[in-house]
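Visitor: Sequential numbering of the sequence shown, starting at 371, is according to our numbering.
All C-beta atoms, glycine included, are put in the ideal place defined by N, C-alpha and C.
These figures come from a predicted structure and were not determined experimentally.
Pasting a structure here, questions to come.
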Amino acid sequence: KESKTKINYWVEKFQLEEYINKPIETLSKGNQQKVQIISTIIHDPDILIFDEPFSGLDPVNSETLRNIVIELVNSGKYIIFCTHQTHYIEEFCDKISIFKNGIQTIEGNLFNIKKSYGRNKLILEIDGNLPNLKIYGVKGIVKNKNTYEIEILNENVAGDILNILYNNRIKIFNF
Numbered sequence: 371k372e373s374k375t376k377i378n379y380w381v382e383k384f385q386l387e388e389y390i391n392k393p394i395e396t397l398s399k400g401n402q403q404k405v406q407i408i409s410t411i412i413h414d415p416d417i418l419i420f421d422e423p424f425s426g427l428d429p430v431n432s433e434t435l436r437n438i439v440i441e442l443v444n445s446g447k448y449i450i451f452c453t454h455q456t457h458y459i460e461e462f463c464d465k466i467s468i469f470k471n472g473i474q475t476i477e478g479n480l481f482n483i484k485k486s487y488g489r490n491k492l493i494l495e496i497d498g499n500l501p502n503l504k505i506y507g508v509k510g511i512v513k514n515k516n517t518y519e520i521e522i523l524n525e526n527v528a529g530d531i532l533n534i535l536y537n538n539r540i541k542i543f544n545f
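Take a look at the structure:
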């Protein structure tokens, strides 16, 4: 009885009600991923290990999973993420370990690790075109699909860039 209650709770959370009696191999990759996540959390473990949990999920389902991870953390669960998607690491993790070829290369508090590295890259998402940034400290600019990647000498240059954007009345989505 308890298992059915938990299944119904998680199936509803992941919006899988219409697929409850379907074979897993007939589901989309994203829905298969959601079923795998449910099978990981259904027995209410204290420690969860997720390997690329957001892989194969569209933005709506990624947001659903994000909210579920927050719910799990707030309920006292420990979560270990194996992922290459650093924005999730920054949102959820206090401590990180980075491995290269099976060897741990970095370990510790995420804030302290970030602080120990020079801040020399600015990712910028704006509405419109980037104004002229021919100022001291801008080493290079690469235009990607929706963003600009600006290589800067140090983090102080970021303030100068922000002033230029502000003075040119540029709408900023991400800085």
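Secondary structure at Asp462, three-state DSSP: helix, strand or coil?
Guide: Reading off the sequence shown, one finds Phe at residue 462, where the question assumed Asp. Reduced to three states, the DSSP call for Phe462 is helix.
Visitor: Skipping 5 residues on each side, what residues in its chain have a beta carbon closer than 8 Å to that of Lys491?
Guide: If we look at Lys491 and ignore the five residues flanking it on each side, its Cβ neighbours are Glu519, Ile520, Glu521, Ile522.
Visitor: Where does Ile412 sit, in a helix, a strand or coil, going by DSSP?
Guide: Coil.
Visitor: With DSSP as the reference, label Asn401 as helix, strand or coil.
Guide: The answer is helix: DSSP assigns Asn401 an H, G or I state.
Visitor: Taking just the CA atoms, how far does Asn401 sit from Glu387?
Guide: Distance between the alpha carbons of Glu387 and Asn401: 11 Å.
Visitor: In this structure, how does DSSP classify Ser445 when only helix, strand and coil are distinguished?
Guide: Note: Ser445 maps to coil in three-state DSSP.
Visitor: By DSSP's criteria, Ser467 is part of a beta bridge. Which residues make up the other side?
Guide: Beta-bridge pairing links Ser467 to Glu477.
Visitor: Can you tell which of Val405, Leu442, Ser373 has its C-alpha closest to the C-alpha of Pro393?
Guide: Out of Val405, Leu442, Ser373, Val405 has the C-alpha closest to the C-alpha of Pro393.
Visitor: Would you please state the rounded distance, in angstroms, between the beta carbons of Ile505 and Asp530? I believe it to be under 8 Å.
Guide: Right, the Cβ-Cβ distance comes to about 6 Å (below 8 Å), so this counts as a contact.
Visitor: Per DSSP, what kind of secondary structure is Leu532 in: helix, strand or coil?
Guide: Helix, per DSSP.
Visitor: Whose CA, out of His457, Gln474, Gly478, lies closest to the CA of Asp464?
Guide: Nearest option by C-alpha distance: Gly478.
Visitor: Within 10 angstroms of its Cβ, does Ile542 collect 16 or more other Cβ (buried), or is it exposed?
Guide: With fewer than 16 other Cβ atoms within 10 Å, it is exposed.
Visitor: Applying the 10 Å Cβ sphere with the 16-neighbour rule, what's the burial state of Pro423?
Guide: Buried is the call here.
Visitor: Can you tell me where the beta strand (DSSP E) holding Ile377 begins and where it ends?
Guide: No beta strand (DSSP E) holds Ile377; the alpha helix (DSSP H) holding it covers 372-383.
Visitor: Out of Ile412, Glu495, Gln403, which has the shortest C-alpha to C-alpha gap to Lys374?
Guide: Looking at the Cα atoms, Ile412 is the closest of the given residues.
Visitor: May I have the straight-line CA-CA distance separating Asn315 from Leu503, to the nearest angstrom?
Guide: Nothing can be reported for residue 315, as the shown portion of the chain is limited to 371 through 545.
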